[in-house]
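Structure first, commentary second.
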Amino acid sequence: NAGVTQTPKFRVLKTGQSMTLLCAQDMNHEYMYWYRQDPGMGLRLIHYSVGEGTTAKGEVPDGYNVSRLKKQNFLLGLESAAPSQTSVYFCASTRTGETQYFGPGTRLLVL
Amino acid sequence: AQSVTQPDIHITVSEGASLELRCNYSYGATPYLFWYVQSPGQGLQLLLKYFSGDTLVQGIKGFEAEFKRSQSSFNLRKPSVHWSDAAEYFCAVGEGGADGLTFGKGTHLIIQP
Numbered sequence: 002n003a004g005v006t007q008t009p010k011f012r013v014l015k016t017g018q019s020m021t022l023l024c025a026q027d028m029n030h031e032y033m034y035w036y037r038q039d040p041g042m043g044l045r046l047i048h049y050s051v052g053e054g055t056t057a058k059g060e061v062p063d064g065y066n067v068s069r070l071k072k073q074n075f076l077l078g079l080e081s082a083a084p085s086q087t088s089v090y091f092c093a094s095t096r097t098g099e100t101q102y103f104g105p106g107t108r109l110l111v112l
Numbered sequence: 147a148q149s150v151t152q153p154d155i156h157i158t159v160s161e162g163a164s165l166e167l168r169c170n171y172s173y174g175a176t177p178y179l180f181w182y183v184q185s186p187g188q189g190l191q192l193l194l195k196y197f198s199g200d201t202l203v204q205g206i207k208g209f210e211a212e213f214k215r216s217q218s219s220f221n222l223r224k225p226s227v228h229w230s231d232a233a234e235y236f237c238a239v240g241e242g243g244a245d246g247l248t249f250g251k252g253t254h255l256i257i258q259p
């Protein structure tokens, strides 16, 4: 039982490049989330999904897109990376009334 | 909109001393409350949670927290800190459903020998 896993662990991009972050969970959770963590800001919700094929915007969605084609996977895309997207990205999953389980994080540096 | 305030950005405590980290929240309904800990370069580990019932909740590593509805607070306590407790601590609030958590900005705990 791996819990929540994230790929890749670390990535360096140039401004304007695109990339996709993958989150996978093996707990059969309905809900999945993408957060970003910046120094002094705590974690802020980017997008979330309440089920396969559904997504919704969180607090800071601009510049990101997401997809949930399979229940166990939640993808976060950056179409044209900007230095302001340099951050640590955390994925989480849960079901109603339970705790959110977090992945180990992906460190992204945009030059 | 819900919000979480952690008034103390940094706290320094001597090893063996007691600890209290403050958390205040703004939320319309009965909140689900959490404390997470994050060591440098690591992910988030759940310390404890409050969903309902007894307002004093026990967590891992000897931590406890008390939910005070009248003060909109959920302060984290530990009677005697260890050097390994040095980390970043986050308070978070949610509704228990699908909408995600709102986090405070964190409190950085430093342990003096």
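These protein sequences, in sequence, are chains A and B.
First residue of the first sequence? That's 2 in this note's numbering, and the numbers climb one at a time after it.
First residue of the second sequence? That's 147 in this note's numbering, and the numbers climb one at a time after it.
Ideal Cβ placement from N, Cα and C applies to all residues, glycine included.
Residue i burial status per 10 Å Cβ neighbour count (16 or more: buried)
i: A93 of chain A; result: buried
i: A82 of chain A; result: buried
i: M42 of chain A; result: exposed
i: L194 of chain B; result: buried
Selected residue, minimal CA-CA separation from residue i, among the options
i: L167 of chain B; options: B:I157, B:S230 and B:K195; result: B:I157
i: Q101 of chain A; options: B:K214, B:F220 and B:L190; result: B:L190
i: C169 of chain B; options: B:D245, B:L194, B:F236 and B:H254; result: B:F236
i: L22 of chain A; options: A:A57, A:G59 and A:Y65; result: A:Y65
i: H254 of chain B; options: B:P186, B:L179, B:I206 and B:V203; result: B:P186
i: M28 of chain A; options: A:F103, A:L109, A:P40 and A:L110; result: A:F103
i: S149 of chain B; options: A:L46, A:L70 and A:Q86; result: A:L46
For residue j and residue i, the rounded distance between their alpha carbons
i: S68 of chain A; j: Q258 of chain B; result: 46 angstroms
i: G242 of chain B; j: S164 of chain B; result: 31 angstroms
i: P153 of chain B; j: Y171 of chain B; result: 11 angstroms
i: E210 of chain B; j: L79 of chain A; result: 40 angstroms
i: G52 of chain A; j: Y32 of chain A; result: 6 angstroms
i: E234 of chain B; j: V159 of chain B; result: 14 angstroms
i: A147 of chain B; j: Q38 of chain A; result: 20 angstroms
i: L222 of chain B; j: Y36 of chain A; result: 23 angstroms
i: T8 of chain A; j: W229 of chain B; result: 32 angstroms
i: F75 of chain A; j: K58 of chain A; result: 14 angstroms
Residues sharing a beta bridge with residue i, DSSP
i: R45 of chain A; result: A:R37
i: H170 of chain B; result: A quick correction: the sequence has Asn, not His, at residue 170 of chain B. B:T151 and B:S219, per the DSSP bridge assignment.
Whole-number beta carbon distance between residue j and residue i, since they are thought to touch under 8 angstroms
i: H48 of chain A; j: R96 of chain A; result: Not confirmed; about 18 angstroms, so no contact.
Residue i: CB within 7 angstroms of a non-hydrogen atom of the ligand SAM
i: L112 of chain A; result: The ligand SAM is absent from the structure shown, which contains no ligands of any kind.
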